[in-house]
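By my numbering, the letter at position 159 of the sequence shown is numbered 159, and the numbering carries on one by one without gaps.
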Amino acid sequence: MQMQTHLVHASVHQGLGLIRLNRPEKLNALTPEMVDAVHTSLRTWRYNGDVKAVVLLGEGERGLSAGGDLPNFRRMLMAGEATQMLGILAAEFELAAAIQTYPKPVIAFMTGVTMGAGFGLASAASVRIVTPDSQLAMPEVRIGYVPDVGGSLWLGRAPGRVGEHMALTGDAVGAGDAVEFGLADFCIEQDAVDDVLTSIADLCALPGQDLAVGLHIMHGAPQRSELNVQRAWIDEAYSGSDVAQILKNLDASPWPAAAKAAERIRANAPIACEIALQLVRESRAEDELRGALEREHRAASYVMDTPDVVEGIRALLIDKDKSPQWSVTRAEDVDTDRVARMLEPQDDELGLWDDGEDGDW
1 MQMQTHLVHA SVHQGLGLIR LNRPEKLNAL TPEMVDAVHT SLRTWRYNGD
51 VKAVVLLGEG ERGLSAGGDL PNFRRMLMAG EATQMLGILA AEFELAAAIQ
101 TYPKPVIAFM TGVTMGAGFG LASAASVRIV TPDSQLAMPE VRIGYVPDVG
151 GSLWLGRAPG RVGEHMALTG DAVGAGDAVE FGLADFCIEQ DAVDDVLTSI
201 ADLCALPGQD LAVGLHIMHG APQRSELNVQ RAWIDEAYSG SDVAQILKNL
251 DASPWPAAAK AAERIRANAP IACEIALQLV RESRAEDELR GALEREHRAA
301 SYVMDTPDVV EGIRALLIDK DKSPQWSVTR AEDVDTDRVA RMLEPQDDEL
351 GLWDDGEDGD W
């Protein structure tokens, strides 16, 4: 059985529903068509007894997905289509919720570049697998945007203040750090994907098997954590109440890596950084995907009303001068009270859990 679109290939093989993102020339950046195709496959396979588990993969050697289609994001904002863009984001958020609540195992291969929306969707899977080349990140603050598609929740679940560090710098972590900080379940060898797929099919045929445990035992390839040795300064510096205080803490730290982190943060959009910080912290406190997605949707609407997203994408991807002119230039000048008010619940939330009595997306 196969369901084909130009940008997503879906098929059933040996009891596995295979979803392959097929836009490798754009690092499998997600378009609305791709999001809809993945969602359609999940709906189709939900009650198909021949499908025991769903697997998410990316075509090409560069990675699972770099996230959303940022040039299109910019075009829509410049055309005054922010409302339509929020609708596209809502579809991505709903897909993340559908993956997390899916009644069958969903296994995501977070190979290579797995960032932004790609990271968010894969993180909602029941089994998350990385490879030695994996680079996981939520780098949205670099374009004046904020972590979304559940990214604030997954960063919030990382131990200590690692989530704040990743959210504010936009830095990626490798396979060892991803497993160490709970962003992935285990690592496999680079060339083991086909063998793991066979093992998934075999394990799904055996009742009562814990996929994550079984696959880890059969294929796990431990990697060293690079960032764990820096936890002391990370946890201390990022305990600041806001981004301005965090920067002061980083400036006072004797660690060279702390100075580099401060430089990174100062290059990012101050408004987006403050929002990202609060998103991660509120998600950590609540630890529930629905609330995280609703806060992220509010935050997305807020930052779209600033010129920062259009400017950030221009500087990073269009003109590539890497010199964005942010609407607010210093963390000290961000209205933190306004950010806090913006993140409060609104009357027009997404209603992600209201789509059918049985949760059928």
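From the three backbone atoms N, C-alpha and C, an ideal C-beta is built for every residue, glycine too. Keep in mind it's a predicted model, so treat the numbers as computed, not measured.
- Per DSSP, the continuous alpha helix (DSSP H) segment holding I234 begins and ends at R231 to A237.
- Residues of the same chain with a CB within less than 6 Å of the CB of A137, apart from the 5 flanking positions on each side, are M115 and A172 in chain order.
- Judged by DSSP in its simplified three-state form, V12 adopts strand.
- Fewer than three Cβ pairs drawn from the region 229–242 and the region 299–318 lie within less than 8 Å of each other, which leaves the two stretches out of contact.
- L277 is not a Cβ neighbour of R295, given a cutoff of 8 Å.
- The region 70–144 is shown to contain whole beta strand (DSSP E) runs of 3 or more residues at 106–110, 113–115, 127–130 and 135–137, in chain order.
- When secondary structure is reduced to three states using DSSP, G17 falls in the strand class.
- Under the rule that a run must span 4 or more residues, the alpha helix (DSSP H) segments found entirely inside the region 315–346 read 336–342.
- A straight-line Cα-Cα distance of about 8 Å links A184 and A175.
- The Cβ atoms of V146 and K104 do not sit closer than 8 Å to each other.
- As computed with DSSP, C273 is found in no beta bridge at all.
- A distance below 8 Å separates the beta carbons of D287 and R157.
- According to the DSSP assignment, A221 belongs to no beta strand (DSSP E), since it is labelled neither H nor E.
- Looking at the DSSP output, G174 sits in no beta bridge, so it has no partner there.
- When DSSP states are grouped into helix, strand and coil, S152 belongs to the helix group.
- Separation of the CB atoms of L89 and H216 is rounded to 33 Å, and the pair is thereby denied contact status at 8 Å.
- A contact is defined here as three or more CB-CB pairs under 8 Å, and the region 324–331 meets this definition with respect to the region 297–311.
- For V309, the enclosing alpha helix (DSSP H) stretches over residues D308 to I313.
- The Cβ neighbour count for L206, taken over all protein chains shown within 10 Å, is under 16; the residue is labelled exposed.
- Going by beta carbons, E81 and L30 fall outside the 8 Å limit.
- By a beta-carbon distance limit of 8 Å, I143 does not contact L121. Their separation comes to about 19 Å.
- For L77, same chain residues with a beta-carbon under 8 Å away, outside a window of 5 residues either side, are M85, M304, V309 and V310 in chain order.
- When rounded, the separation of the alpha-carbon atoms in K52 and W45 is 9 Å.
- Looking at A97, L289, H9 and Q209, the one whose alpha-carbon comes closest to that of A37 is H9.
- In this structure T83 is exposed. Its beta-carbon is surrounded by fewer than 16 other beta-carbon atoms within 10 angstroms.
- For the pair E332 and A244, the CB atoms are nearer than the 8 Å cut-off.
- Residue state for V146 is assigned as coil, using DSSP reduced to three classes.
- Judged by DSSP in its simplified three-state form, V51 adopts coil rather than helix or strand.
- For R264, the enclosing alpha helix (DSSP H) begins and ends at P256 to A267.
- Here DSSP, grouped into helix, strand and coil, assigns S199 to helix.
- For E189, no alpha helix (DSSP H) run applies, since DSSP gives it neither H nor E.
- Membership of H6 in any alpha helix (DSSP H) is not indicated, and neither H nor E is assigned to it by DSSP.
- Under the three-state reduction of DSSP, G67 is assigned to coil, being neither helix nor strand.
- With respect to the C-alpha of G240, the residue from V213, R281 and A201 having the closest C-alpha is R281.
- For L56, the secondary structure class from DSSP, reduced to helix, strand or coil, is strand.
- Under the 10 Å beta carbon count, I19 is surrounded by 16 or more other beta carbons and is classified as buried.
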